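Protein chains in written order, with our numbering: chain L, 1 to 98; chain D, 99 to 593.
Just so it is clear, CB atoms sit at the ideal spot from N, CA and C, and this is done for glycine as well.
Remember, predicted model here, so these are calculated numbers, not experimental data.
Input: a single structure, listed below in structure tokens.
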């Protein structure tokens, strides 16, 4: 695996929606580099023909009857909202258009 | 009947017997525990929220049921502490993260509901590494919990508060969660019993998700009998968690028998190398000898992919964590950055200010290994290696009933000793993480004290959904190990 670059760190931070200072990016470059280099040891193993573990438990679809049950009411759904008008969650304006 | 011990040194099964005999009330027991917390928690720092009024109200309810002559439940009056990763309507649920500070869950986790129905008395919420990411509880945004055996040392992690509270008699039972050893390792470092049941044994509904294919809830207790009692209450299928197994749950207390004559113990040759601390090895060998003397057979087994487990684990857990933690964006609950801007600034400022350094590191790693061009090389590769690791265990269990191993390569380390190098901290999980990858059950129990007076932990593993055999081996060892662990000093010379 190629070595992780400073550009990679900045790109991944943008994917993860984190705004990192140059200092933190430098530190992460080193730490992630060390950890990823350690992870590269998996390439020593030949895994051709090995099925990945996609599910922790061997189970197929789990069904339930299609009936309406109790769910979270509006009051409880909004009770932890950082900002709400009592009916909706409020966020900063998303679109600039009129 | 006389009370042989102080109220806050009782086990759950002793409390059950005393309540039914009428020698003590649930309220007296609860009061004793809240006094104990007030006395020692300023030193131990296990609790992040204490629920005095709520706990006493639950205790009064139990006393009322006993007075009426009704059955109060299998955990009636038993004081219990809950890791702060479990959703509770009472108090706060913060995962010891700034991003969830002040969060009040609108529902109870299934395990919390089951404990309450069984008559438990809740004492409060316990400290943890932020979002259960860590091996020392030093990543909590609230406080650093101390090891009751030596206040300079860590209690282990991530369920460090849950382990320290049981060890310091600040509760009788606690619940924790285990993604890569977060129950077993702190249980070992604090000298208590702790189990990660088979994946699917316990509902994860209301457990704030870290790595969904690895997370499992389990108890910390003072002895093996209490472990069986707690498992009876928390295990079983739950319609709110589609990954909870539909298998019947046995009465685990039936496994509390001193009988290992038909048991074959497997010792993985990859675990007993020079990397294992000599003192730890001696303690584990001592435990094996006790069981051998009682008729257990011992064989060497091999887990050939052991050396790849940590790399495999940290790919899978960071990938799953980065997906799970994406939900904390400042919109529906939790912290929102006061720094204004557009909605994208709000997302990134909220996450950047709300998550601590280790959580951010794991989100970054997880996002990287899942990102376009790297998915096959890291995540898919790790999922294949996970299959190999699981196969190692299933092959080994063709030759033995249980595997015995150390829980941690060393006893408790000092606060600050491993915080500088994240990779070194990850490597301390070597004996526990394979169990989560293989989805098998694992437990830790004390097997002696080191020369420095710190607990050593014996780990027992078995086939999926075979907690009963582990309990039988653990119970037999506990009754025949020939020593008492005694009480941790909690900073005092003697108590």
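In this structure, DSSP gives residue 554 of chain D an extended state, which the three-state scheme calls strand. Pairing residue 275 of chain D with residue 255 of chain D gives a Cβ-Cβ distance that is not under 8 Å. For residue 92 of chain L, the C-beta contacts it makes with chain D under 8 Å involve 438, 439, 440, 441, 443, 444, in order along the chain. Taking the beta carbon of residue 34 of chain L as reference, the chain D residues within 9 Å of it are 519, 520, 521, listed in sequence order. In this structure, residue 466 of chain D lies away from residue 59 of chain L, with their beta-carbon atoms at least 8 Å apart. Not flagged as an interface residue toward chain L: residue 183 of chain D, since no C-beta distance is shorter than 8 Å. Note on residue 173 of chain D: 16 or more other CB atoms within 10 angstroms of its CB, so buried under the neighbour-count rule. Collapsing the DSSP output to three states places residue 188 of chain D in coil.
In the DSSP annotation of this structure, residue 458 of chain D is not part of any beta strand (DSSP E); the continuous alpha helix (DSSP H) holding it starts and ends at 455 to 468. Chain L places no beta carbon closer than 8 Å to that of residue 295 of chain D, leaving this residue out of the contacts. Chain D has a Cβ within less than 8 Å of the Cβ of residue 64 of chain L. In the DSSP assignment, residue 333 of chain D is bridged to D:300.
The continuous beta strand (DSSP E) containing residue 503 of chain D extends over residues 500 to 504. Between residue 365 of chain D and residue 574 of chain D, the beta carbon gap of about 17 Å keeps them out of contact (Cβ cut-off 8 Å). Distance from the CA of residue 585 of chain D to the CA of residue 408 of chain D, rounded to the nearest whole angstrom, comes to 34 Å. In this chain, the alpha helix (DSSP H) harbouring residue 491 of chain D covers 479 to 494. Contacts with chain D at 8 Å (Cβ-Cβ) do not include residue 88 of chain L. One alpha carbon belongs to residue 458 of chain D, the other to residue 382 of chain D, and they sit about 37 Å apart.
Residues are counted here when their Cβ sits less than 7 Å from a Cβ of chain L; for the region 451 to 483 of chain D these are 458, 459, 461, 462, 463, 465, 466, 469, 475, 476, 478, 479, 480, 481, 482, 483, given in chain order. In the structure shown, the three-state DSSP call for residue 515 of chain D is coil. Out of D:265, D:427, D:257, the CA that lies nearest to the CA of residue 247 of chain D is found in D:265. Each of D:508, D:498, D:224 was checked against the Cα of residue 560 of chain D, and the nearest Cα belongs to D:498. One finds 45, 47, 50 in chain L with Cβ atoms closer than 9 Å to the Cβ of residue 486 of chain D, taken in chain order. In the DSSP annotation of this structure, residue 200 of chain D is not part of any alpha helix (DSSP H), being labelled neither H nor E. In the same chain as residue 529 of chain D, and ignoring 5 residues on each side of it, the C-beta atoms closer than 8 Å to its own belong to 279, 369, 503, 504, 505, 506, 507, 557, in chain order.
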